[in-house]
DNA sequence: GCCGTTTTCGGCCCGACTGTTTTCAGTCG
């Protein structure tokens, strides 16, 4: 039996183990529970398939997976099941684990409900529970009441209508509206989008917003009256959550201005960044929270065996800004995009100037000097997606954006509707057209125009235009638009063959992923990186919000492997040229500096590189 | 069960909110 375990399956399994330990004896297994949850989180966020890492004997590289869990996973991949896990699950109803996806239902609640209501079938557990709730059976159970029954029912109904993680730009739109609303309240001094939104993750779950105010209760009250809310999920003294009509959750946290820096730090996350930061601080004798920093007096260590394990804490030190918060801990300010516990904390610690990893000076939007992936409406008769805007308009916009150069990279002419000589003719005409544009435009707007093309890489690795056609281009981008389902080795060969011609400089949207739509294809990245570095080929970071491809974790790998990238919009109209910032976010999340991004170079420097054959 | 510029042993982030068991357990981020 060789089931194909995905990362999602594995994370769920590890979480179930943690849940089982929680039910059996939360205190006894306290640290196993934490360890399994952490391992599950790690697997969820892993940049490659755990199964592949196991194949390559690299399981140890995943943080939070040590020798014990690694050997359990080894058993899982070999036998399809794990003896130790079966033991941990023994005596517990299998159906309880199905209930854990209901918000507000944790291990103990799930256990109690399945046990008392005699829910047996894991595949029907949620709907069985829903039926019981409707019949009023839950309220009769000890520890439950009418309200908790209603809450469970609501949660079940919402879980089915729940929207998946939303794309960053959509989250920004929603957050902007809520923030505008909050700023209309005179008691609100400041309001900021935080969480994954501030870290510029490609997709966002809940929308997190912070407010500085001296009247938190009144602001919470105002917040819960937001016109587009469906219902209030919770509302306390300093935090509140609402569900919008669109089923998106918005979380709010409030602190006075004097302590706002700690709140920004806390609520920006990520969870793993905060945990690591707090562990590091603890070793220096500090305890961190959203309120500020306390010095711990270690000498007054708690007595052995005391029931209430509380550390003696000193006076709270407040911080008005995040810079001061990090500086107090002897660290440089860490840009939000880096806060993923990916080495940024170690890099931010000052003192040691000789250390190997330092915080990068991240690339900025204003460093970008041109857009090298644009589709105009020049009638190239492409196989798909002709642009909507005329070249002149796009050049004008580029000037407004402060660019020095542009590349027009329309899709190659369709091969089904044209003979080879017709394709050559179209390319010749395109070249003449751009020469004309360049000669008439050159005097008015100081923008260099490259005449390029986005060429399909066919499944056999050949390009979708005849080789001869390449001579009509300044350079070319190549991309995969068909036959995504190839195995990793063949896809790698296909792409490396496609990149081989000297005129080809850039691999467009290198993984082919579409967020919330399809996974990208797998590649042997080490080979791709090596090929690019040796042959001066560049990987695109597509700023297109549904692609954001290369993904951030591969940008980080590319930086490590000294492969340069370009950030481009893949615009099919003038308006889309404003999307560049989303590509810059991805680059920043991948630790990219200006020097890693080719299109931060001035026009003369980049011309030398792109036009060299 | 994991992990290491205080450690291969002895630690392990920190707090909010809700409903119900009126003093706290369970869940969440």
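Numbering (our numbering), first residue to last: 388 to 1000.
All residues carry an ideal CB built from backbone N, CA and C; glycine is no exception.
**OP:** Please state whether DSSP places residue 514 in a helix, a strand or coil.
**Re:** What you label residue 514 is simply residue 127 of the first chain in a count that begins at 1. It is helical.
**OP:** Starting from residue 547, trace the alpha helix (DSSP H) both ways and give me its first and last residue.
**Re:** Indexing the first chain from 1 puts residue 547 at position 160. Unbroken alpha helix (DSSP H) run through residue 547: 533–547.
Original post:
Starting from residue 642 and walking both ways along the beta strand (DSSP E), at which residues does that stretch end?
Top reply: Within the first chain, numbered from 1, the residue matching residue 642 stands at position 255. Per DSSP, residue 642 belongs to the beta strand (DSSP E) from 636–642.
Subject >> Residues that DSSP places opposite residue 838 in a beta bridge >> reply: Along the first chain, one-based indexing puts residue 838 at 451. Answer is 795.
Original post:
With 16 as the cutoff for other CB atoms within 10 Å, does residue 819 come out buried or exposed?
Top reply: Taking the first residue of the first chain as 1, we reach residue 819 at position 432. Counting Cβ neighbours within 10 Å, residue 819 comes out exposed, since fewer than 16 surround it.
**OP:** Express the C-alpha separation of residue 880 and residue 442 in angstroms, rounding to a whole number.
**Re:** Your numbering for residue 442 matches position 55 in the first chain. Your numbering for residue 880 matches position 493 in the first chain. C-alpha separation (whole angstroms): 20 Å.
Original post:
Just the Cα atoms here: how many angstroms apart are residue 547 and residue 848?
Top reply: Sequence index remark: in the first chain, residue 547 carries index 160 (1-based). Sequence index remark: in the first chain, residue 848 carries index 461 (1-based). Their Cα atoms are separated by approximately 43 Å.
Original post:
Is the Cβ-Cβ distance between residue 659 and residue 728 less than 8 Å?
Top reply: As a working note, residue 659 is residue 272 in the first chain. As a working note, residue 728 is residue 341 in the first chain. The Cβ atoms of residue 659 and residue 728 lie closer than 8 Å to each other.
**OP:** Note the first and the last residue of the continuous alpha helix (DSSP H) segment covering residue 626.
**Re:** In the first chain, the residue the question calls residue 626 occupies position 239. From DSSP, residue 626 is part of no alpha helix (DSSP H) but of the beta strand (DSSP E) over 626–631.
Original post:
Which class does residue 469 belong to by DSSP, given the choice of helix, strand or coil?
Top reply: Taking the first residue of the first chain as position 1, residue 469 is located at position 82. In this structure, residue 469 counts as coil in the three-state DSSP scheme.
Subject >> Beta-carbon spacing of residue 501, residue 553 below 8 Å >> reply: Against the first chain, residue 501 aligns to sequence position 114. Against the first chain, residue 553 aligns to sequence position 166. No, they are not a contact pair.
Original post:
Mind checking residue 925: buried by the 16 CB within 10 Å criterion, or exposed?
Top reply: Residue mapping note: residue 925 aligns to position 538 of the first chain, counting from 1. Buried, because 16 or more other Cβ atoms sit within 10 Å of the Cβ of residue 925.
**OP:** Output the residue ranges of the beta strand (DSSP E) runs that lie fully inside the segment 405–462 and measure 3 residues or longer, sorted by chain position.
**Re:** none
**OP:** Pick helix, strand or coil for residue 760, following the three-state DSSP scheme.
**Re:** If you number the first chain from 1, residue 760 lands on position 373. If DSSP states are grouped into helix, strand and coil, residue 760 belongs with the strands.
Subject >> Rounded straight-line distance, which links the Cα of residue 955 to that of residue 968 >> reply: Position 581 of the first chain, counted from the first residue, corresponds to residue 968. Position 568 of the first chain, counted from the first residue, corresponds to residue 955. Their backbone Cα atoms lie some 10 Å apart in a straight line.
Subject >> 8 Å Cβ cutoff met for residue 996 and residue 986 >> reply: The count along the first chain starts at 1 and reaches residue 996 at position 609. The count along the first chain starts at 1 and reaches residue 986 at position 599. At a Cβ-Cβ threshold of 8 Å, residue 996 and residue 986 do not count as neighbours.
Original post:
Which value, in whole angstroms, describes the spacing of the CA atoms of residue 530 and residue 537?
Top reply: Counted from its first residue, the first chain places residue 530 at position 143. Counted from its first residue, the first chain places residue 537 at position 150. Taking the straight line from one Cα to the other gives about 14 Å.
Original post:
Using 8 Å as the Cβ pair cut-off and three pairs as the minimum, do the segment 952–966 and the segment 755–774 touch?
Top reply: yes
**OP:** With DSSP as the reference, label residue 874 as helix, strand or coil.
**Re:** Along the first chain, read from residue 1 onward, the residue named residue 874 stands at position 487. Coil.
Subject >> Under the three-state DSSP convention, the category residue 866 falls into >> reply: Here residue 866 refers to the residue found at position 479 when the first chain is read from its first residue. Residue 866 falls in the strand class under three-state DSSP.
Subject >> Exposed unless 16 or more other CB atoms sit within 10 angstroms - verdict on residue 712 >> reply: What you label residue 712 is simply residue 325 of the first chain in a count that begins at 1. By the 10 Å Cβ count, residue 712 comes out buried.
**OP:** Determine contact between the segment 429–438 and the segment 404–417, defined as no fewer than three beta-carbon pairs at a distance below 8 Å.
**Re:** no
**OP:** Using three-state DSSP, classify residue 1037 as helix, strand or coil.
**Re:** The structure shown does not extend to residue 1037, since the chain is modelled only from 388 through 1000, so no value can be given for it.
Subject >> Status (buried if at least 16 other CB within 10 Å, exposed otherwise) for residue 588 >> reply: In the first chain, the residue the question calls residue 588 occupies position 201. Residue 588 should be labelled buried.
Original post:
How should residue 687 be labelled, buried or exposed, when 16 other C-beta atoms within 10 angstroms of its C-beta is the threshold for buried?
Top reply: As a first step, residue 687 is located in the first chain; it is residue number 300 there, counting from the start. Because residue 687 carries a pLDDT of 45, less than 50, the predicted location of this residue cannot be relied on, and the following value inherits that uncertainty. Residue 687 comes out exposed.
Original post:
What residue does the beta strand (DSSP E) around residue 526 start on, and which one ends it?
Top reply: Position 139 of the first chain holds residue 526. Taken as a continuous stretch (DSSP letters only), residue 526 belongs to no beta strand (DSSP E), as it is neither H nor E.
Original post:
Which one of 908, 977, 601, 568 has the shortest CA to CA distance from residue 872?
Top reply: On the first chain, residue 872 is found 485 positions in, with the first residue counted as 1. Of the candidates 908, 977, 601, 568, the one whose C-alpha sits nearest the C-alpha of residue 872 is 908.
Subject >> Pairwise C-alpha distance: residue 682 and residue 935 >> reply: Walking along the first chain from the start, residue 935 turns up at place 548. Walking along the first chain from the start, residue 682 turns up at place 295. About 42 Å.
Subject >> Distance between beta carbons of residue 975 and residue 724, contact taken as under 8 Å >> reply: Within the first chain, residue 724 is the residue found at index 337, counting from 1. Within the first chain, residue 975 is the residue found at index 588, counting from 1. That belief holds up - the Cβ atoms of residue 724 and residue 975 are roughly 4 Å apart, short of 8 Å.
**OP:** Would you mind working out which of 922, 663, 855 sits nearest residue 450, comparing C-alpha positions?
**Re:** Here the question's residue 450 lines up with position 63 in the first chain. Here the closest residue by C-alpha is 663.
Original post:
Which two residues bound the contiguous beta strand (DSSP E) that contains residue 967?
Top reply: For this step, residue 967 is matched to residue 580 along the first chain. Where residue 967 is concerned, there is no enclosing beta strand (DSSP E), although the alpha helix (DSSP H) it sits in stretches over 967–976.
**OP:** Whole angstroms is fine: what's the gap from residue 539's alpha carbon to residue 515's?
**Re:** The residue you call residue 539 lines up with position 152 of the first chain. The residue you call residue 515 lines up with position 128 of the first chain. Across the structure, residue 539 and residue 515 are spaced so that their CA atoms are roughly 12 Å apart.
Original post:
Do residue 392 and residue 438 have their CB atoms nearer than 8 Å?
Top reply: Here residue 392 refers to the residue found at position 5 when the first chain is read from its first residue. Here residue 438 refers to the residue found at position 51 when the first chain is read from its first residue. Cβ atoms of residue 392 and residue 438: closer than 8 Å.
Original post:
Mapping DSSP to helix, strand and coil, what is residue 590?
Top reply: Within the first chain, numbered from 1, the residue matching residue 590 stands at position 203. Residue 590: strand per DSSP, three-state reduction.
Original post:
So, helix, strand or coil for residue 996, using DSSP?
Top reply: In the first chain, residue 996 corresponds to position 609, counting from 1. Helix, per DSSP.
Original post:
Near residue 815, what residues of its chain come up, given a Cβ to Cβ distance below 6 Å and the 5 sequence neighbours on each side ignored?
Top reply: As a position in the first chain, residue 815 is number 428, starting the count at 1. Same-chain partners within the cutoff: 859.
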